[in-house]
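Step one of this worksheet: look at the structure below.
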Amino acid sequence: MLNLEIMKSNLLKYTFITSFIITLLFSTNGVAQELDASNYKIRFNLKTVKQSDNSRLLEVIFFGQNKKDRKDKVPVFDAEIKFYNDDTLLGTSKTSNEGIAQITVPENQTYIKDKDGYITFKAVFEGSDGLDEEDDDVSIKDLHLELNLEEIDSIKTVIVKAFTLDSLGVKIPVEEADIIISVEAMLSKMKLEEGTIEDGEFEFEFPTDIPGDANGDLIVYSIIEDHDDFGNVIQKKSENWGNFQNQIVKEENKLWSEAAPIWMYIVLTILLVGVWANYVYTARYLFKIKKEGKQLEVNTEKTN
Amino acid sequence: MNLENRKRELAKEFSPLLEKTTKTSKIWIGFLIAVILVGVYAFFLQLFKGHIVTGMRDNVVWGIYIINFIFFVCLSYSGAFISGILHFFKTPWKNSISRIVEIITVLSLIIGPIFILLCIGRLDRLHYLFLYPRIQSPITWDIIAIMTDLIGCFIYLFLTFIPDFAILRDNSENAPKWRQKVYKFLAIGYQDTPEQREKLHKVTRTMSAMVIALAIVAYSVLAWIFSLTLQPGWNSSIFAPYFIVAGLYSGVGVIIIAMYLIRKYYNLEHYIRKVHFIGAGIILLVISLLFGYFTFSEYFSRWFSHKIQDANLLNTLFTRYFWMFIFANYIGVLVPIVILFFKKFRTIKSITFAAVIAVVGLWFNKYLIIVPTLETPYLPIQDTRPEFIHYTATWVEWALSFAGVAAFILFFILIMKLVPIIPMSGIIDNERDQKKNKKVYKKIVTE
Amino acid sequence: MENNKTEKGGTNRRKFLKLGLMSSVTAVAGASLISNLAIQDEEVTDSGEKMRLLTPDGKIVEVDASNINKYPEALITPEESRKGIPNRKFVMVIDLAKCKNARKCVEGCQKAHDLDYNEEFMKVQLIQDNPEASPYWLPKPCFHCDEPPCVTVCPTGATFKREDNIVLIDNDRCIGCKFCVTSCPYSARQFNWGHKDKFDDTSQPYSPETSVPAAEGTVMKCDFCPDMLRQGKLPHCAQSCPMGVIYFGDKNEDIVTNGEETVRFSQLIKDRGGYRHLEHLGTKPNVYYLPAVNRQFPLERGFNVDEDIIERYKDVPYVQDLKKQGKI
Numbered sequence: 001m002l003n004l005e006i007m008k009s010n011l012l013k014y015t016f017i018t019s020f021i022i023t024l025l026f027s028t029n030g031v032a033q034e035l036d037a038s039n040y041k042i043r044f045n046l047k048t049v050k051q052s053d054n055s056r057l058l059e060v061i062f063f064g065q066n067k068k069d070r071k072d073k074v075p076v077f078d079a080e081i082k083f084y085n086d087d088t089l090l091g092t093s094k095t096s097n098e099g100i101a102q103i104t105v106p107e108n109q110t111y112i113k114d115k116d117g118y119i120t121f122k123a124v125f126e127g128s129d130g131l132d133e134e135d136d137d138v139s140i141k142d143l144h145l146e147l148n149l150e151e152i153d154s155i156k157t158v159i160v161k162a163f164t165l166d167s168l169g170v171k172i173p174v175e176e177a178d179i180i181i182s183v184e185a186m187l188s189k190m191k192l193e194e195g196t197i198e199d200g201e202f203e204f205e206f207p208t209d210i211p212g213d214a215n216g217d218l219i220v221y222s223i224i225e226d227h228d229d230f231g232n233v234i235q236k237k238s239e240n241w242g243n244f245q246n247q248i249v250k251e252e253n254k255l256w257s258e259a260a261p262i263w264m265y266i267v268l269t270i271l272l273v274g275v276w277a278n279y280v281y282t283a284r285y286l287f288k289i290k291k292e293g294k295q296l297e298v299n300t301e302k303t304n
Numbered sequence: 001m002n003l004e005n006r007k008r009e010l011a012k013e014f015s016p017l018l019e020k021t022t023k024t025s026k027i028w029i030g031f032l033i034a035v036i037l038v039g040v041y042a043f044f045l046q047l048f049k050g051h052i053v054t055g056m057r058d059n060v061v062w063g064i065y066i067i068n069f070i071f072f073v074c075l076s077y078s079g080a081f082i083s084g085i086l087h088f089f090k091t092p093w094k095n096s097i098s099r100i101v102e103i104i105t106v107l108s109l110i111i112g113p114i115f116i117l118l119c120i121g122r123l124d125r126l127h128y129l130f131l132y133p134r135i136q137s138p139i140t141w142d143i144i145a146i147m148t149d150l151i152g153c154f155i156y157l158f159l160t161f162i163p164d165f166a167i168l169r170d171n172s173e174n175a176p177k178w179r180q181k182v183y184k185f186l187a188i189g190y191q192d193t194p195e196q197r198e199k200l201h202k203v204t205r206t207m208s209a210m211v212i213a214l215a216i217v218a219y220s221v222l223a224w225i226f227s228l229t230l231q232p233g234w235n236s237s238i239f240a241p242y243f244i245v246a247g248l249y250s251g252v253g254v255i256i257i258a259m260y261l262i263r264k265y266y267n268l269e270h271y272i273r274k275v276h277f278i279g280a281g282i283i284l285l286v287i288s289l290l291f292g293y294f295t296f297s298e299y300f301s302r303w304f305s306h307k308i309q310d311a312n313l314l315n316t317l318f319t320r321y322f323w324m325f326i327f328a329n330y331i332g333v334l335v336p337i338v339i340l341f342f343k344k345f346r347t348i349k350s351i352t353f354a355a356v357i358a359v360v361g362l363w364f365n366k367y368l369i370i371v372p373t374l375e376t377p378y379l380p381i382q383d384t385r386p387e388f389i390h391y392t393a394t395w396v397e398w399a400l401s402f403a404g405v406a407a408f409i410l411f412f413i414l415i416m417k418l419v420p421i422i423p424m425s426g427i428i429d430n431e432r433d434q435k436k437n438k439k440v441y442k443k444i445v446t447e
Numbered sequence: 001m002e003n004n005k006t007e008k009g010g011t012n013r014r015k016f017l018k019l020g021l022m023s024s025v026t027a028v029a030g031a032s033l034i035s036n037l038a039i040q041d042e043e044v045t046d047s048g049e050k051m052r053l054l055t056p057d058g059k060i061v062e063v064d065a066s067n068i069n070k071y072p073e074a075l076i077t078p079e080e081s082r083k084g085i086p087n088r089k090f091v092m093v094i095d096l097a098k099c100k101n102a103r104k105c106v107e108g109c110q111k112a113h114d115l116d117y118n119e120e121f122m123k124v125q126l127i128q129d130n131p132e133a134s135p136y137w138l139p140k141p142c143f144h145c146d147e148p149p150c151v152t153v154c155p156t157g158a159t160f161k162r163e164d165n166i167v168l169i170d171n172d173r174c175i176g177c178k179f180c181v182t183s184c185p186y187s188a189r190q191f192n193w194g195h196k197d198k199f200d201d202t203s204q205p206y207s208p209e210t211s212v213p214a215a216e217g218t219v220m221k222c223d224f225c226p227d228m229l230r231q232g233k234l235p236h237c238a239q240s241c242p243m244g245v246i247y248f249g250d251k252n253e254d255i256v257t258n259g260e261e262t263v264r265f266s267q268l269i270k271d272r273g274g275y276r277h278l279e280h281l282g283t284k285p286n287v288y289y290l291p292a293v294n295r296q297f298p299l300e301r302g303f304n305v306d307e308d309i310i311e312r313y314k315d316v317p318y319v320q321d322l323k324k325q326g327k328i
């Protein structure tokens, strides 16, 4: 996940290169003429996610969808997207090669709300010679999601509280909202429970047989998805609730490990030492024979 | 100085073998060199273009190279084995053939491993075998075994050559200077004194025992390359002894062929006599019975228990490879047995014929062990490229195979130019022994 | 034959040829830019892989993926790749009931590992266990065995078993003896028989974790895409499968995912009767299969592929029957 973020930021760093390439592509449009966008219906969708650190992610997905072949989607790349709260510019970002533009608004940002407490976000692509202007907006209430992992009578319990704050800072429990409890895995999140928050609260008995990581730690998520009033809200918490039992043993001295089983070294050594001792023994005798030969030569010379 | 005279006599008798080169032998040498050169060209082609020039592909990754490798290495081990036994048990009629056996041993042990090198995709990284050795790998064992065996065989061969070098050193006044120097160096001051003779006999005896042991280990390691894998046609516990017997079978066969050719072209009828052929023929008979027994056991147990993969393999063997199977495992075993079993069939020519059948049959026996097994893996081959489904050797592979055989013969001829093919020292030893107890060896005067 | 197929296979091949001039220009431009900015010392070369994008000016363009995709990735050197990702034990679960031989896994894998048409780390086989049995499609990657015979027999340690269950090949170390190919009972390994131009591609440094670039005279096979796993992504085959056939995950966590749903590994194996292929060989594979029961697609859907692919299955009794009836 982290890597992904780094990559994205790196991509942004190279905007110069990418924009250069784009200009270049534009200048050679004679070659690319047949690939006109007129067959494609342009999609432009804004979504908002309140993240676990209470910052807010605004994300635009911008792509063209083939009118005939709906599976054929072409992302819009390097388009500048402006994100607004009412008329206040929150930030701008360019779409990635997947057609995604994102900004993260920090927790301490104060938003303009309407009289019912709704915050309106708007994303705008200002248009170009070839593409029309696009915009999309969402209005949501700022939902506070509290996630607590508690052991009640040695039962591991997930307790979620959801409320909004009125203008005076008074907590107003959410009447009803669908919620998902998930646990994080290496490649994805695993859904444990789907339920409904009623009167601002939801409780869930956490299963006892999830291993977690090597320390038995696991990360629990409570997620509200695509709610009409609240958008996406995610909260997470880590707890040592896993029952990780797999012993991580390093395999050594196996046929398939780097070092061989000990007996193999022993047998090989015995064999080789035995054979080479014999060779040395033979060589020694040969030297003796040679010595004797020399002696004989000297003797015969003497007698002569 | 009766003994010295006899030595001089023998040296004179064998000197034409060493010094004269006849026209036919010149043509032969030229032909062999030509075959080798084609092989060298094929080798460079494979080196630069990659293994794509061979018929090997992803399923059959080892082809006739590995079959030649097994064939030559087995030949060598069996040479060592037989030679070791001849020396160790002081076999009476060993002298005429022991040198032939020793030369076969060393030559095939040099040529065999070249074929395994041809199987290796990255010859430039060969030294990794020593830089990053893993002793779990049967290939590592094989490399250690071959190298140890090669050194052992060289030492052993040298030991048996020393007395002859000494005789040649003392009796080659007319030979060129370089020859004299070579003989002097190789004879390491051996003067055939009783002490020296005793010492030499002692180490030769120990080394002959060592060479037998090494051959058994090396054979087994070679068989294990195949039998330790999970492949249906290879994963067999009798493979190690089977390879020993098969190796001896081809070994004795090649020795008989070599005896026949040497006897014929070097006019050594006086030394290599019918009695040798009959002796070797009887050994070949015994081994062919053993070989047939092992072959039968191997396929019989697969056929009887017929695990699905074994059944598939047998099905391939009896359809696509039917005639090869018949030739290798029926004709290649039964014909030598029939020829050698009946006394009246045992002539020099028929024994040699049986040996040829045995050797060629054995090569195909190895082919049937390697190729059909790789063509019937556990999961069916689902491919449309014919060369990935079935293996056919390309001309490159054949050229290199024949180059190997040519090199074997060429080196054999060249070594025979350096030392007499019949050990002179052995003749003298025998004559000495005969004088001591004439009665015992009366019947076996040839040595 | 092979070339023909490659052209058919790569949908963008024809367009790529048309844009050949353009991409060579971009390559040159990229190189000069780099020398100006000195951002990276790697040269931008044409990887041949095209990516279609819509520009803000409303033009659909194809650009060379190496120009866009060039994130400076963390290179895992051959030495580092021997260690494995700590505390992980990767497993794959393949749900045979969902496979319809769409071959997207094969294609995704080939694209990611720069493989030719006939080079497949992931093969889809049609298996009919006996003439009466119902045949099924069997996607077959490397099984990354716990007791891998290929690793045992390697004389130089070029192929190795990592602590995270993955069996990799370091083709810098491989001497090409092919012993591993013969000792693998699942025919998972392939040899690079001859030279190919793609081996000379230096646009990315070699890592056993990507298996790219391959090298002549060495062995290659499915690598479970550890480079993707390090980024928290699924292997290419699992990612490309439109049916969610391939689940992948960490056995220590006991969680596997196919990108759409995430489930407990042990539960999945228990509920669906998961098994390993050729269990009796004792190699202890890390790829599990869910039997092809209650199938989501009729088998015939799998024959909606190239003639050449169908031809591969000609020895399967079921296919022979179909041919007799003139259905194929």
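Protein chains in written order, with the UniProt record's numbering: chain W, 1 to 304; chain Z, 1 to 447; chain H, 1 to 328. Positions of the beta carbon are idealized from the N, C-alpha and C atoms, including for glycine. Every value quoted in this text rests on a predicted model; they were computed, and no experiment measured them.
Item checked: Through-space distance from Tyr271(Z) to Lys343(Z), alpha-carbon basis -> 22 Å
Margin query: Using DSSP's beta-bridge definition, name the partner residues of Leu143(W).
Written below: Thr164(W)
Item checked: Cβ-Cβ separation, Met210(Z) to Gly152(Z) (assumed contact under 8 Å), whole Å -> Sure, about 6 Å apart at Cβ, within 8 Å.
Notebook entry, point to check: Under 8 Å Cβ-Cβ, which residues of chain H neighbour Ala37(W)?
Noted result: Leu54, Gly58, Lys59, Ile60
Checklist line | Gly282(H), buried or exposed, once every other Cβ within 10 Å from all chains shown has been counted against 16 | finding: exposed
Note to self: On the DSSP letters alone, give me the boundaries of the beta strand (DSSP E) that Met92(H) sits inside.
What the structure shows: 90-95
Notebook entry, point to check: Would you call Gly58(H) buried or exposed, if buried means 16 or more other Cβ atoms sit within 10 Å of its Cβ?
Noted result: buried
Next item on the list: May I ask you to report which of helix, strand or coil DSSP gives Met264(W)?
Entry: helix
Notebook entry, point to check: Once you ignore the five residues that flank Pro106(W) on each side, which residues in its own chain have a CB closer than 7 Å to its CB?
Noted result: Ser55
Next item on the list: For chain W, find out if any of its Cβ atoms is closer than 8 Å to the Cβ of Gly84(Z); answer yes or no.
Entry: no
Margin query: So, at 7 Å on beta carbons, what are the nonlocal neighbours of Tyr183(Z) in its own chain, with the 5 sequence-adjacent residues on each side left out?
Written below: Phe165, Leu168, Arg169, Ser172
Item checked: Cβ separation of Pro232(Z) and Thr376(Z), assumed to be a contact under 8 Å, to the nearest whole Å -> 7 Å
Check: Which residues in the same chain as Leu368(Z) place their Cβ atom closer than 7 Å to its Cβ, once the five residues preceding and following it in sequence are excluded?
Finding: Leu317, Tyr321, Met324, Phe325, Ala328
Notebook entry, point to check: Where does Thr202(H) sit, in a helix, a strand or coil, going by DSSP?
Noted result: coil
Item checked: Secondary structure of Leu21(H), DSSP reduced to three states -> Bear in mind that a pLDDT of 30 at Leu21(H), under 50, signals an unreliable position, so the model cannot answer this.
Notebook entry, point to check: Candidates Thr55(H), Val61(H), Leu53(H), Glu80(H): which alpha carbon is nearest residue 332(H)'s?
Noted result: Given that chain H is displayed from residue 1 to residue 328, the structure contains no residue 332(H) and the question cannot be resolved.
Check: Exposed or buried, what is Ala34(Z) when buried is set at 16 or more other beta-carbons lying within 10 Å of its beta-carbon?
Finding: exposed
Item checked: C-alpha gap between Ile269(H) and Val93(H), whole angstroms -> Computed Cα separation, rounded: 8 Å.
Next item on the list: Select from Val286(Z), Tyr249(Z), Ile162(Z) the residue whose C-alpha is nearest the C-alpha of Gln196(Z).
Entry: Considering only alpha carbons, the answer is Ile162(Z).
Next item on the list: Flag Thr123(W) as yes if its beta-carbon sits less than 8 Å from any beta-carbon of chain H, otherwise no.
Entry: Per the sequence presented here, residue 123(W) reads as Ala, with Thr not at that position. It does not: the Cβ of Ala123(W) has no partner Cβ on chain H nearer than 8 Å.
Notebook entry, point to check: I think Gly39(Z) touches Ser76(Z), with their Cβ atoms under 8 Å apart; what is that distance to the nearest whole Å?
Noted result: The pair is not a contact, with the Cβ atoms about 19 Å apart (cut-off 8 Å).
Next item on the list: Under 8 Å between beta-carbons, which chain H residues line up against Ile139(Z)? List them in chain order, please.
Entry: Val153, Pro155, Cys177, Phe179
Next item on the list: Could you name the residues of the same chain whose beta carbon sits closer than 8 Å to that of Glu2(H), not counting the 5 residues immediately before and after it, in chain order?
Entry: Residue confidence for Glu2(H) is low, a pLDDT of 40 falling below 50, so the modelled location carries little weight and cannot support an answer.
Note to self: Assuming the contact rule is C-beta atoms closer than 8 Å, Met186(W) and Gly249(H) should be a hit. Round their C-beta distance to whole Å, please.
What the structure shows: 7 Å
Check: Quick one: Cα of residue 492(Z) to Cα of Tyr266(Z), how far?
Finding: What the structure shows of chain Z is the stretch from 1 to 447, and residue 492(Z) is not part of that stretch, so it cannot be assessed.
Note to self: Just to confirm my understanding: we take His87(Z), look at its own chain, exclude 5 residues before and 5 after, and list those with CB closer than 8 Å. What are they?
What the structure shows: Lys94, Ser98, Thr160, Thr204, Arg205, Ser208
Checklist line | Delimiting residues of the alpha helix (DSSP H) encompassing Phe230(W) | finding: Phe230(W) -> no alpha helix (DSSP H), and no H or E assigned at all.
Margin query: Run through chain H and tell me which residues come within less than 7 Å of Val76(W), C-beta to C-beta.
Written below: Leu54, Pro56
Next item on the list: Can you give me the start and stop residues for the beta strand (DSSP E) that Gln65(W) sits inside?
Entry: 56-66
Notebook entry, point to check: Anyone know if the C-beta pair for Pro226(H) and Ile85(H) falls short of 8 Å?
Noted result: yes
Notebook entry, point to check: Does the distance from the CB of Gly259(H) to the CB of Gly274(H) come in under 8 Å?
Noted result: no
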